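**Student:** Numbering (our numbering), first residue to last: 764 to 998.
Quick reminder that beta carbons are idealized off the backbone N, C-alpha and C, glycines included.
Just so it is clear, the structure is predicted and the values come from calculations on it, not from any experiment.
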């Protein structure tokens with residue numbers, strides 16, 4: 764999904780892009796799969812749990828990256844010369860500890876809670892940069908059979924805790940977990956603006972190819988997301 768692509772969204776534009784521009788296109792796309800999108804939730808951000816400091820693309824060349832199997836992620840890491848190793852998330856600590864892999868892209872909460880931080884004590888914030896929205900969906904056939912009152916109750920109930928609040932709560936808790944990591948002797952590092960620019964440099968062409976390969980709806984969705992980013996920047 765375009766909203767989960769690495770380095771695509773700036774953190775300060777997510778609310779605007781998702782809530783004001785991408786809800787309708789995503790509803791239309793999911794409707795074709797017989798699903799109805801009730802609203803956004805949040806999975807959280809990502810970083811890289813590693814055995815040493817890794818902040819620039821040059822730093823990952825030749826190193827083994829443990830990741831949950833996905834073609835987008837495979838192609839992304841290969842783009843920078845890394846060696847992606849398909850590894851289920853529960854096996855990241857053992858894989859890293861045994862030296863089978865060198866780093867793993869992981870949300871901060873999982874990084875600390877699952878013990879990845881014990882064997883990969885350096886957490887690189889925003890590599891890869893993604894703050895992934897979750898989706899609250901229902902079978903469209905079921906949704907269509909609900910009464911107007913029932914749909915309104917679900918919609919209104921969901922709106923009582925807006926997606927903006929959920930995102931902020933997840934973000935705040937991530938910082939709590941990373942603070943615990945540092946207090947336990949771990950390290951959190953941040954790429955410089957110049958290093959972030961290096962990560963982003965080859966990605967426009969990469970996004971185009973990835974979304975084209977995702978299917979007929981991919982290029983259109985990417986264009987809509989780019990238009991949303993442009994509109995939100997003008998605010």
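1) In or out: residue 825 buried (at least 16 other Cβ within 10 Å) or exposed?
2) Can you grab the Cα-Cα spacing for the pair residue 985 / residue 776, in whole Å?
3) Please determine, among 886, 942 and 875, the residue with the shortest C-alpha to C-alpha distance to residue 866.
4) Run through the DSSP bridge pairs and tell me what residue 831 is partnered with.
5) Does DSSP classify residue 970 as helix, strand or coil?
6) Around the Cβ of residue 823, are there at least 16 other Cβ atoms within 10 angstroms (buried) or fewer (exposed)?
7) Just verifying my parser: in three-state terms, what is the DSSP assignment at residue 901?
8) Please classify residue 918: does DSSP put it in a helix, a strand, or coil?
9) Determine whether the beta carbon atoms of residue 896 and residue 781 lie at a separation below 8 Å.
10) DSSP on residue 880, reduced to helix/strand/coil?
11) Which stretch, first to last residue, makes up the alpha helix (DSSP H) that contains residue 867?
12) Out of curiosity, what's the CA-to-CA distance linking residue 770 and residue 905?
13) In the DSSP assignment, find the unbroken beta strand (DSSP E) run with residue 999 in it and report its ends.
14) What three-state label does DSSP hand residue 817 in the structure shown?
15) What does the Cβ neighbour count give for residue 941, buried or exposed, with the cut at 16 atoms within 10 Å?
16) So the alpha helix (DSSP H) residue 950 belongs to, where does it begin and stop?
17) For the stretch 939-953 against the stretch 876-884, are there 3 or more C-beta pairs whose distance is under 8 Å?
18) For residue 982, which option in 974, 988 and 855 has the closest C-alpha, if you only look at C-alpha atoms?
19) Would you identify the three-state DSSP class for residue 991, choosing helix, strand or coil?
**Tutor:** Well, looking at it:
1) Looking up residue 825 in the chain shown gives position 62. Label assigned to residue 825: exposed.
2) To locate residue 985, count along the chain shown from 1; it is residue 222. To locate residue 776, count along the chain shown from 1; it is residue 13. Whole-angstrom Cα-Cα distance: 16 Å.
3) Against the chain shown, residue 866 aligns to sequence position 103. Here the closest residue by C-alpha is 886.
4) Along the chain shown, one-based indexing puts residue 831 at 68. For residue 831, which the question treats as bridged, DSSP gives no partner whatsoever.
5) As a first step, residue 970 must be located in the chain shown, where it is residue number 207. Residue 970: helix per DSSP, three-state reduction.
6) As a first step, residue 823 must be located in the chain shown, where it is residue number 60. Buried, because 16 or more other Cβ atoms sit within 10 Å of the Cβ of residue 823.
7) Locating residue 901 in the chain shown gives position 138, where the first residue counts as 1. Here residue 901 sits in strand by DSSP.
8) Along the chain shown, one-based indexing puts residue 918 at 155. Three-state DSSP puts residue 918 in a helix.
9) Translated into the one-based positions of the chain shown, residue 896 becomes position 133. Translated into the one-based positions of the chain shown, residue 781 becomes position 18. Contact flag set, yes.
10) Here residue 880 corresponds to residue number 117 of the chain shown, with the count starting at 1. Correct three-state label for residue 880: helix.
11) By 1-based counting over the chain shown, the position of residue 867 is 104. No alpha helix (DSSP H) holds residue 867; the beta strand (DSSP E) holding it covers 866-869.
12) Walking along the chain shown from the start, residue 770 turns up at place 7. Walking along the chain shown from the start, residue 905 turns up at place 142. Residue 770 and residue 905: Cα-Cα distance of roughly 36 Å.
13) With the chain covering 764 to 998 only, the question about residue 999 has no answer from this structure.
14) The residue given as residue 817 occupies position 54 in the chain shown. Three-state result, residue 817: coil.
15) The residue labelled residue 941 in the question sits at position 178 within the chain shown. Result: buried.
16) Translated into positions along the chain shown, residue 950 becomes position 187. Careful: residue 950 lies outside any alpha helix (DSSP H), inside the beta strand (DSSP E) at 950-952.
17) yes
18) Here residue 982 is taken as the residue at index 219 of the chain shown, counted from 1. Of the listed residues, the one whose Cα sits closest to residue 982 is 974.
19) What you label residue 991 is simply residue 228 of the chain shown in a count that begins at 1. Residue 991: helix per DSSP, three-state reduction.
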